Structure formats: C-alpha cells, structure tokens
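Input: a single structure, listed below in structure tokens.
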Amino acid sequence: MKLEQLDLRLRGVVVLRGILDDPVIGRYAAMVQAAGEGTAAFVAAVAGFEAALFDTGRCWTDYLLDAVLENNNICIRRAAAGGAGPNAEAALSSELELLGRVGENGLDALLADAPAELQAACAFLPRWETHPAGYAAAYTQRRAEVGKKGYGMFARYHVFTVEDARLVPVRCPDPQRLSELPGYEAERAKVIANTKALLAGLPANNVLLYGDAGTGKSSTVKAIANEYAADGLRLVEVKKNQLYQIPAVMESLADNPLKFILFIDDLSFSANDDDFAALKAILEGSVGGRSHNIAVYATSNRRHLVKERMSDREGDDLHATDTRQELMSLSARFGLTVTFQRPDKARFEAILLELAKQYGVQMPADQLYIKGEAFAIRAGGRSPRVAKQFIELCKGGVQL
C-alpha cells in the first residue's frame with residue numbers, strides 16, 4: 001500500500017479512532033503523513049516514531065495490538081448485547097485488517113512502493129521489530145473474554161479512585177495478597193464467598209467489615225481485589241466526602257461487563273451528617289436501584305456507623321426511639337456484616353509465627369512470642385498491624 005493511501009486510511013479510522021491518541025501510534029500516523037512533506041521531514045518523522053517506540057522497549061506489532069485490544073469503542077462496549085450494528089461491525093473488520101498490516105510491516109515494507117530517493121534517504125535509520133500476528137482473531141478472542149479482560153482503562157488497571165464523578169486509574173496499587181494475611185481466615189472466607197457470587201453473576205450483598213483498628217479489614221478488601229482482578233473484578237475507592245458522586249459512578253458502570261467493588265474505607269457519620277442519607281439511598285431505597293455488577297464494601301470501627309452520645313438520648317424529640325432506629329438502619333442495609341475482633345493471645349502468636357516465616361525472620365518461637373507481646377503492649381494492644389510492624393522491625397535489624 002502506498003504511503004499516500006495509507007495516510008488516507010489512517011485518517012479515516014472510525015471505530016478504533018481512539019488509538020490515534022496514543023503517543024506512539026500518533027507519531028506513526030504523523031510519520032506516514034510526513035511522506036508528502038519532503039524527504040527531510042519524513043526522515044525526521046521516522047526518527048521521532050522510532051524514538052517513542054524504542055522508549056517503550058516493545059515490539060511494534062505487540063504495542064499496536066495491545067492498543068487495539070484495549071481500545072474503548074462502541075463495538076466492544078456492546079459486545080455483550082450482540083454488537084453495535086452491521087455498519088460499525090463492518091468498519092471494525094476493515095480497520096482490524098488495516099491495522100494488522102500496519103503492525104506487521106517494518107520500515108522496508110512501508111517504503112516498498114516509495115521513490116528510490118526516499119528509500120535511500122532512510123537506509124541509515126534503524127528498523128523496528130515486527131512479527132506476524134492475527135489481529136482479527138485476537139480481537140475476536142478479546143471480545144469473548146471482555147467480562148474478564150475488560151476494555152479501555154479497565155483492561156490496563158484494576159484499581160481506581162473517583163475525581164469529579166469520573167474514575168481515575170491507580171497506577172501503583174497496594175500489592176497486598178490474601179496469602180500474606182495470616183489469621184482471620186474464617187472472616188475473610190465470608191467476604192471472598194460474596195465476591196465470588198458477584199463475579200458469577202449471582203446475588204451479592206453489600207458488605208460491612210466492622211471491628212477493631214489494625215485487624216486487616218481494609219487489607220482484606222484490597223487483597224481480594226488483587227486476587228480476583230484476572231477474573232474481572234475491579235476496585236473503586238470512594239472517599240466519604242464523595243458519596244454524593246456514587247450514583248453517577250454507578251450509572252457509568254452499569255453496562256460494563258466487568259464486576260466492581262465500591263470501597264468506602266473507615267466509614268462513620270455524625271447524627272446530622274448529610275452523607276448519611278446519601279449512603280442509605282445508595283445501599284437500598286433509591287428508585288435507581290443497584291446494578292447487578294456492583295457491590296459496596298465498607299470498613300468501619302463502629303458497628304452502627306453513627307457516632308452516638310448520651311446527650312443524644314435526651315432532648316425534646318417526641319419519637320426518640322424512632323430516631324435511634326433510623327440511625328441504626330444504615331448498617332442494616334449491608335446484607336453481610338463481618339466482624340474483625342482484636343486477636344487473643346493464641347491468634348496473635350499464630351500471626352506472629354506466620355509473618356516471621358514470610359519475612360524470613362529467624363527467631364525461636366518462644367522468644368518471638370515474648371518480644372512480640374511486649375511490643376504489642378507498648379503499641380497499645382494486639383493486632384495484625386502491630387504484629388506486622390514488629391516483624392518488619394525485626395527484619396530490618398532494629399533492636400527491640
């Protein structure tokens with residue numbers, strides 16, 4: 001294909017147009033366009049594309065293929081609903097054929113029909129790496145696996161935060177794994193079972209992880225997100241002051257084939273907090289309902305989530321009992337409540353022993369228990385967090 005024709009075809013990409021915003025692919029398109037601007041301009045454009053590609057350290061065929069597979073477009077968004085219509089599907093097929101040829105062609109193939117002068121001018125330039133690849137077949141497979149692989153930013157990232165009701169990917173999420181969390185296996189099993197139900201498309205409950213500080217409530221949620229990311233699970237962390245943005249977030253995710261946990265960490269309210277009513281409506285009671293692919297997981301140190309004072313039981317409220325029932329009703333809207341209590345001596349010692357094995361800390365068990373217990377007393381009490389801090393200090397050679 002001549003460079004002029006290739007330039008027109010790239011300019012006319014419709015369904016997969018978003019890939020042209022990629023910095024490397026954008027430079028490739030600019031390189032093809034520069035072929036009509038003179039030899040010097042083309043050589044400079046080739047060098048610019050190669051510099052951007054080489055900076056990624058990747059083969060051009062694989063780089064372009066990943067961009068195509070992860071592209072957020074109408075055909076992939078409507079894959080679960082039977083497609084986007086014959087016109088869009090035909091355009092997608094044509095564009096996959098075009099981009100497959102682009103991804104498999106190196107500089108020499110690109111210049112095959114170019115004037116001899118242009119070929120000679122590019123002789124000194126390095127060549128980018130390519131190999132044969134079936135773009136159409138790979139895309140068909142990705143569409144079949146979209147419920148696990150995702151598309152767009154959901155294909156590349158699995159943890160997100162919220163800014164102005166829009167999702168922002170977390171590039172370096174907490175790498176916590178379930179295998180690194182000793183103790184509380186029975187408590188975590190309930191949360192894992194609920195998560196598996198969500199992934200399987202079965203009825204899944206909103207979950208409240210309640211208990212003492214440092215017992216691994218937040219770590220459990222993050223570890224589950226990491227563990228089941230390959231199965232199509234994504235985690236969206238929502239701060240308490242962003243609760244009013246959740247309806248917009250839920251609406252944007254409702255038709256997504258992936259499954260989402262909306263994670264609210266360290267949740268608690270004062271009795272007159274406006275966010276209290278907002279969360280009640282989100283959990284249950286809103287006319288919008290909750291999508292089948294979304295569950296809310298919250299952690300809290302308070303069983304009923306609302307701060308109560310003795311003075312709240314006094315005053316001139318004629319229906320004080322009803323008021324207290326309303327405050328307590330929020331926690332009842334979580335279908336599953338899992339309690340993480342402060343560990344007793346036996347559980348704390350088991351946690352210490354397992355963490356010592358994970359970190360490679362060589363210390364007799366009896367000495368480990370004595371020093372760990374003394375450290376916990378100084379730290380304000382036993383907890384998995386305190387145990388981890390103690391083992392990390394031991395690993396770092398700090399004398400305790």
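Residue numbers (this note's numbering): 1 to 400.
Backbone N, C-alpha and C define an ideal beta-carbon position, used for all residues, glycine too.
Small disclaimer: the values here were computed from a predicted structure and weren't measured.
It is roughly 44 Å from the alpha-carbon of A254 to the alpha-carbon of A47. About 11 Å separates the beta carbons of A374 and V386, which is beyond the 8 Å limit, so they are not a contact pair. In the structure shown, L258 falls within a coil segment according to DSSP collapsed to helix, strand and coil.
By the Cβ-count criterion, F42 is buried, with 16 or more other Cβ atoms from all chains shown falling within 10 Å of its own Cβ. The beta carbons of A45 and A30 sit closer together than 8 Å.
In the DSSP secondary-structure assignment, R77 is not bridged to any residue. Shown here, S94 sits in a helix according to DSSP, grouped into three states. Contact annotation: the region 111-122 does not touch the region 187-201, with fewer than three C-beta pairs closer than 8 Å. In the three-state reduction of the DSSP assignment, Y184 falls in the coil class, being assigned neither a helical nor a strand state. Counting along the chain, the unbroken alpha helix (DSSP H) around S218 starts and ends at K217 to E227. Annotation: T130 is outside any alpha helix (DSSP H) and is labelled neither H nor E by DSSP. For Y151, the closest C-alpha among the options C59, D266, R77 and P23 is that of R77. Just measuring C-alpha positions, the residue of L233, E185, S179 and H131 sitting nearest K148 is L233. Excluding residues up to 5 positions away in sequence, A29 and V32 lie with their Cβ nearer than 7 Å to the Cβ of L10 in the same chain. Classified as exposed, R177 has fewer than 16 neighbouring CB atoms from the shown chains inside 10 Å of its CB. DSSP places G211 inside the beta strand (DSSP E), whose first and last residues are V207 to G211. Leaving aside the five residues that flank W60 on each side, the residues in its chain whose CB is nearer than 7 Å to its CB run, in chain order, L53, G103, W128, E129 and T130.
In the assembly as shown, C172 is an exposed residue. Its beta-carbon has fewer than 16 other beta-carbons within 10 Å. For Y369, the enclosing alpha helix (DSSP H) starts and ends at A365 to A379.
Rounded to whole angstroms, N206 and L20 show a C-alpha spacing of 40 Å. Here H158 has A229 and R234 as same chain residues with Cβ atoms under 6 Å from its own Cβ, once five neighbours each way along the sequence are excluded. Taking one beta carbon from each stretch, the region 234-251 and the region 216-225 have 3 or more pairs nearer than 8 Å; the two touch. With fewer than 16 other Cβ atoms from the protein chains shown falling within 10 Å of its own Cβ, Y244 counts as exposed. When C-alpha distances from N71 are compared across R156, A116 and G100, the shortest belongs to R156. Around the Cβ of N87, a 10 Å sphere holds fewer than 16 other Cβ atoms; the residue is exposed.
Taking C-beta atoms as the reference points, R17 and F49 fail to come closer than 8 Å. Per DSSP, the beta bridge partners of I294 are F260.
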